[in-house]
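Below you'll find the structure, written out as structure tokens, and then a few comments.
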Amino acid sequence: EAGVAQSPRYKIIEKRQSVAFWCNPISGHATLYWYQQILGQGPKLLIQFQNNGVVDDSQLPKDRFSAERLKGVDSTLKIQPAKLEDSAVYLCASSLDSVGGHGYTFGSGTRLTVV
Amino acid sequence: AQSVTQLGSHVSVSEGALVLLRCNYSSSVPPYLFWYVQYPNQGLQLLLKYTTGATLVKGINGFEAEFKKSETSFHLTKPSAHMSDAAEYFCAVSKGGNKLTFGGGTRVLVKP
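Going line by line, the protein sequences match chains A and B. Per the numbering used here, residue 1 is the first one in the first sequence, and the count goes up by one each step. Per the numbering used here, residue 1001 is the first one in the second sequence, and the count goes up by one each step.
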């Protein structure tokens, strides 16, 4: 079974620029998540999709971050404009359903550096 | 709101020694509990999880964890550390909806 694919692996941008990350979940996984992992911290949920609908985006800084999951498969996360504090690893994960107890499968992440 | 506390951001063990990583959670109802491992520049890999049933859970790579409701704990252990166990370990909880709340992580260093 193919894993969760993310691209790019690394990205360096200047502050105030925009950036986009892409995630392709495991085939058939209805639920998709984006997490932000700042260096030295545990991952923090940014947004959760169930198919193409948003379940939870309470921690998403909506003034600069946006995410979509068209057709309920791939997803993109965008930051515009980026700030220095957005430097982090952005992890995408997917799971078979939204019922608790099923572990996620995580992608390898995109490491963003904002200079 | 749920929270997860991992005692010790860094743990150093000798090869062959016991590995013990502590995790305590706060939740109004018994949650689902997870341990993940993260190797450098990689995503998170599930080590083990507790949902219901037996409170002692065995995972991959010789790790196990015990859910103790009275102590709201889910500590991770491995009897004998191996050099390949050097990584960062995250405890996480979920209370329905599959949203994971992570602890701050514990980085394990294994000394030869």
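Here a beta-carbon is modelled for each residue, glycine too, at the ideal position from N, C-alpha and C.
- Here K71(A) carries a helix assignment [DSSP, helix/strand/coil].
- Between the alpha carbons of E68(A) and D1085(B) lies a gap of roughly 37 Å.
- Counting along the chain, no beta strand (DSSP E) covers Q1042(B), and no H or E run does either.
- Proximity to V115(A) across E85(A), D56(A) and S94(A) peaks at E85(A), based on C-alpha coordinates.
- In this structure, L46(A) lies near D57(A), with their beta-carbon atoms less than 9 Å apart.
- Check the Cα spacing between V89(A) and each of Q1006(B), S1026(B), L1007(B) and P1040(B): the tightest is with P1040(B).
- About 7 Å separates the beta carbon of Y1025(B) from that of S1003(B), a gap short enough to meet the 8 Å contact definition.
- In chain order, L91, F106, G107, S108 and G109 make up the part of chain A whose C-beta sits under 7 Å from the C-beta of G1043(B).
- Per the DSSP secondary-structure output, F65(A) pairs in a beta bridge with I79(A).
- Excluding the 5 residues flanking it on each side, S1073(B) has same chain C-beta neighbours closer than 6 Å at N1024, in chain order.
- Q36(A): member of the beta strand (DSSP E) spanning T31 to Q37, first to last residue.
- In its chain, beyond the 5 residues on either side, L1076, Y1089 and T1106 have a beta carbon closer than 6 Å to the beta carbon of L1021(B).
- Only F1090, C1091, A1092, S1094, K1095, G1096, G1097, N1098, K1099 and L1100 from the region 1085 to 1100 of chain B bring a Cβ to less than 9 Å from some Cβ of chain A.
- Under a 10 Å Cβ-count criterion, A82(A) is classified as buried, with 16 or more other Cβ atoms of the shown protein chains found around its own Cβ.
- Restricting attention to V1110(B), L1056(B) and G1104(B), the CA atom closest to the CA of H1082(B) is found in V1110(B).
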